[in-house]
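Q:
Residue numbers (UniProt numbering): 1 to 362.
(1) Pair every Cβ in the stretch 346-360 with every Cβ in the stretch 325-336, then say whether three or more of these pairs are closer than 8 Å.
(2) Report the rounded CA-to-CA distance for residue 335 versus residue 203, giving the unit in angstroms.
(3) Which of the three DSSP states, helix, strand or coil, is assigned to residue 51?
(4) Between the stretch 121-139 and the stretch 240-254, are three or more C-beta pairs nearer than 8 Å?
(5) I need the straight-line Cα distance from residue 194 to residue 161, nearest angstrom please.
(6) Where in the stretch 262-320 do unbroken runs of the alpha helix (DSSP H), each at least 4 residues long, occur, reported from the N-terminal end onward?
(7) For the alpha helix (DSSP H) that residue 195 lies in, which residues bound it at each end?
(8) Return the chain-ordered list of same chain residues with a C-beta closer than 7 Å to the C-beta of residue 286, the five sequence neighbours on each side being excluded.
(9) Please name the residue, chosen from 299, 270, 65, that lies closest to residue 105 on a Cα-to-Cα basis.
(10) Would you tell me roughly how many angstroms separate the C-alpha atoms of residue 368 and residue 189, rounded to the nearest one?
(11) According to DSSP, which residues form a beta bridge with residue 95?
(12) Check for me: the alpha helix (DSSP H) holding residue 125 runs from which residue to which?
(13) Starting from the C-beta of residue 174, find all residues in its chain whose C-beta is less than 7 Å away, skip the five residues before and the five after it, and write them out in chain order.
(14) Quick check: the stretch 269-282 against the stretch 296-307, are there 3 or more CB pairs under 8 Å?
(15) For a test of the three-state rule: what should DSSP assign to residue 334, helix, strand or coil?
(16) Around the Cβ of residue 221, are there at least 16 other Cβ atoms within 10 angstroms (buried) or fewer (exposed)?
(17) DSSP state of residue 43, grouped into three classes?
(18) Run the CB neighbour count on residue 238, radius 10 Å, all protein chains shown included, and call it buried at 16 or more, exposed below.
(19) Taking the alpha-carbon positions, what's the residue 50 to residue 256 distance?
(20) When the Cα of residue 155 is compared with those of 205, 101, 172, which residue comes out closest?
(21) Look up residue 357 in the DSSP assignment and say whether it is helix, strand or coil.
(22) For residue 309, collect the residues of the same chain with a Cβ closer than 7 Å to its Cβ; drop the 5 residues on either side in sequence, then sort them by chain order.
(23) Please list, in chain order, all residues of the same chain as residue 225 whose beta carbon is under 6 Å from its beta carbon, the five residues on each side excluded.
(24) Output the residue ranges of the beta strand (DSSP E) runs that lie fully inside the stretch 124-203 and measure 3 residues or longer, sorted by chain position.
(25) Just tell me which of 98, 60, 142, 100 has its CA closest to the CA of residue 82.
(26) Would residue 198 and residue 123 be called neighbours here (beta carbons separated by less than 7 Å)?
(27) Does the separation of the CB atoms of residue 157 and residue 135 fall below 7 Å?
(28) Taking residue 192 and residue 313 to be in contact with their CB atoms under 8 Å, please state how far apart those CB atoms are, rounded to whole angstroms.
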C-alpha cells in the first residue's frame with residue numbers, strides 16, 4: 001500500500017511540474033512573440049515625422065541597428081540585427097536617408113538596401129545659411145558658394161509642384177504655409193539656417209528639401225505647445241523671424257517675445273522695424289517715417305496682427321522664444337544699433353524717455 005501511495009504521489013508531482021513547465025514555456029513563447037512582433041513593427045504607424053539619418057561608410061549591421069535605435073526609428077536594435085541577418089535585403093549602403101517612425105523594420109531594411117544619398121569622403125561644397133537670412137539672401141549665398149545659380153534656386157522655391165510635393169511630405173510644417181495669404185514666398189522662413197554639405201551628385205532639390213527637413217525636425221517638439229497657444233506654425237515662425245532680427249541674447253529674445261504677445265493681446269500693432277525693411281525689399285539700419293508708410297501686409301506699423309509671414313529663417317533659439325515668451329509687463333522696446341543694448345518700457349512715456357536718454361537724435 002505504501003509503495004502504491006508513494007508512486008501516486010510521485011506521479012502527481014511530475015504531472016504538476018510538467019504543467020508548470022508547460023505554462024512557463026507558453027508564457028515565455030508568448031512574451032517572446034510579442035517582443036519580436038513589436039521589434040518588427042513601426043514605432044508609430046501614424047507618425048508623419050521625417051528624420052534624417054546618416055549611415056557612415058564602413059558601418060556594420062550592428063552599427064546601423066544602433067544608429068536606427070538611437071534615432072528612435074526602431075524598437076530594438078537586437079531584433080533589427082537578427083532580421084537583417086536572415087533577410088535578402090541586408091546589403092546596406094552608406095548614405096543619408098530620410099526615414100520615419102512609421103516605417104517597419106522590413107521597409108527600413110529595403111530602403112537601406114536600395115541606398116540613400118551617397119556620402120563622399122569630402123563634400124564638394126559646404127553651404128552655411130546664417131540665421132535670419134531671407135530667401136533672396138539664401139539664393140545669393142547659394143550662387144556664391146555652390147554650382148547652383150541664384151535664378152535656379154529662386155525658380156525652385158516658387159515652383160508650385162515642388163512646394164506641393166514638400167507639403168505632402170512635411171504636412172506638420174507646411175500646411176499652414178500653403179493656406180497663408182499675401183506671402184511673398186511660400187517657403188520664406190521654412191528653410192532652416194545651418195551648414196549643409198553638398199556632394200558631387202547632390203541635386204538642388206535635395207539641398208532645399210534638406211533645409212525643409214531640418215526645420216521640420218526642429219519644430220516637432222513644439223507642436224503641442226503651439227496648438228495649446230491657439231496659434232499655428234506659420235504665425236510662430238513669423239514671430240520667431242522678428243525675434244531673430246531684433247534680439248541677440250537669449251534674455252532679450254524672451255523679453256522681446258513677451259512684448260510682442262502683450263501687444264497682440266491689447267490689439268496693438270507689433271511695430272517691428274525688420275518687417276518694414278522686408279516690406280521695402282531692402283535692408284535698413286534704421287527706418288524713416290516715410291518707410292513706415294509703405295503699404296504692405298508685412299508692414300507691422302501699418303497693419304495690426306502678427307503679419308503676413310516670416311521675413312527670414314529663424315534659429316531654434318528664436319523659435320523657442322516665440323513659443324515660450326517671458327512673462328513681463330513691458331509693452332515697448334528699442335534698440336541702440338551702436339551698442340546693441342535693448343531698453344524696455346511698460347508705457348509710452350517711459351519709452352520716449354528711454355529713447356531720448358539712449359538714442360537721442362541718432
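By construction, the Cβ of each residue, glycine as well, lies at the ideal position given by its N, Cα and C atoms.
A: In this structure, then:
(1) Contact between the stretch 346-360 and the stretch 325-336 is present, because at least three Cβ pairs lie under 8 Å.
(2) 41 Å
(3) Strand.
(4) Touching, per the Cβ criterion.
(5) 25 Å
(6) 273-280
(7) Segment 195-198 is the beta strand (DSSP E) holding residue 195; no alpha helix (DSSP H) there.
(8) So the qualifying residues of the chain are 337.
(9) The option with the nearest alpha carbon to residue 105 is 65.
(10) The displayed coordinates of the chain run from 1 to 362. Any statement about residue 368 would go beyond what the structure contains.
(11) 55
(12) Premise fails: residue 125 lies in the beta strand (DSSP E), 125-128, not in any alpha helix (DSSP H).
(13) 166, 167, 190
(14) yes
(15) strand
(16) exposed
(17) Residue 43 falls in the coil class under three-state DSSP.
(18) buried
(19) 31 Å
(20) 205
(21) helix
(22) If we look at residue 309 and ignore the five residues flanking it on each side, its Cβ neighbours are 180, 183, 188, 189, 234, 238.
(23) Excluding residues within five positions, the ones whose Cβ falls inside 6 Å are 323.
(24) 125-128, 195-198
(25) 60
(26) yes
(27) yes
(28) Going by Cβ atoms, the distance from residue 192 to residue 313 rounds to 6 Å, so yes, they are a contact pair.
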